[in-house]
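For reference, the structure discussed in these notes is given below.
Residue numbers (UniProt numbering): 1 to 271.
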């Protein structure tokens, strides 16, 4: 399968972000991607007070446009994440659409990004967001794919649960910043990929040094062996990579980390 990762600039205007997305998708279509993925909060500047202002219900205008783009181009679209409104609550939500534009998955960020690094970044998503509670894995003709959002992927239990549910590729729309990005971006994705023996695609917004929250960028794709297959810099652009999900099976056979677990001694399960 071919994955196209779109690292886009985030404008203050939702309409401009959607127009940019359509242009970016059209630009990569000559390379015939099977799946397109984009960054966290791709249509909303990453500031807590923006989330309620930009939020829409599932099935709203943004959802409809994303569905239509997937159908128009005949691709799987893992549509980064957007602010979702439901019953007065705001969620950081990632939708996935199949080649016909049908929604086949939805993940609400489970671990809210509340940090205060001395001399670095301070941010508190819980000021406006509500946490989700579901582990998300969905089916494609290539195999099972897992999905989580940014801070979620720092928790090894979640990556392992997706792998145990059959995921051979995990998609992670994420917006690391200039404090966490240089320190943790690559090592986190590589460690999760090798520990769970699956491909991992981390897709970031492009960096904008004029904005209050400056994203690290560096969207990347990591192999089940833990090697970086491809990585961008911080600027807007795209990354198209062809992978074979059976490589995850091969790695798991050669180095049986998942099957050698001592489930008679320890167990990881969802509630």
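Glycine included, C-beta positions come from ideal geometry on N, C-alpha and C.
query, result
"Going by DSSP, what residues sit across from residue 238 in a beta bridge?", "6"
"Starting from residue 92, trace the beta strand (DSSP E) in both directions and tell me its first and last residue.", "89-97"
"Please classify residue 136 as buried or exposed, where buried requires at least 16 other C-beta atoms within 10 Å of its C-beta.", "buried"
"What ranges does the beta strand (DSSP E) occupy inside the stretch 172-218, keeping only unbroken runs of at least 3 residues that lie completely in it?", "199-203"
"Whole angstroms is fine: what's the gap from residue 103's alpha carbon to residue 140's?", "12 Å"
"Could you say if the stretch 166-174 and the stretch 146-158 meet the contact criterion of at least three C-beta pairs nearer than 8 Å?", "yes"
"Would DSSP call residue 159 helix, strand or coil?", "helix"
"I need the DSSP call for residue 229, collapsed to helix, strand or coil.", "strand"
"Tell whether a beta-carbon distance below 8 Å holds between residue 251 and residue 216.", "no"
"Please classify residue 138: does DSSP put it in a helix, a strand, or coil?", "strand"
"Beta carbon of residue 28, beta carbon of residue 17: below 8 Å?", "no"
"Where does residue 8 land, buried or exposed, given buried means 16+ other C-beta within 10 angstroms?", "buried"
"Buried or exposed, going by whether 16 or more other CB atoms sit within 10 Å of the CB of residue 107?", "buried"
"Hey, how far is the Cα of residue 210 from the Cα of residue 235?", "13 Å"
"Does the beta-carbon of residue 319 have 16 or more other beta-carbons within 10 angstroms, so that it is buried, or is it exposed?", "Only positions 1 to 271 of the chain appear in the structure, and residue 319 is not among them; the question remains open."
"In chain order, which alpha helix (DSSP H) runs of at least 4 residues are fully inside the stretch 12-58?", "14-28, 50-54"
"Are the CB atoms of residue 150 and residue 175 nearer to each other than 8 Å?", "yes"
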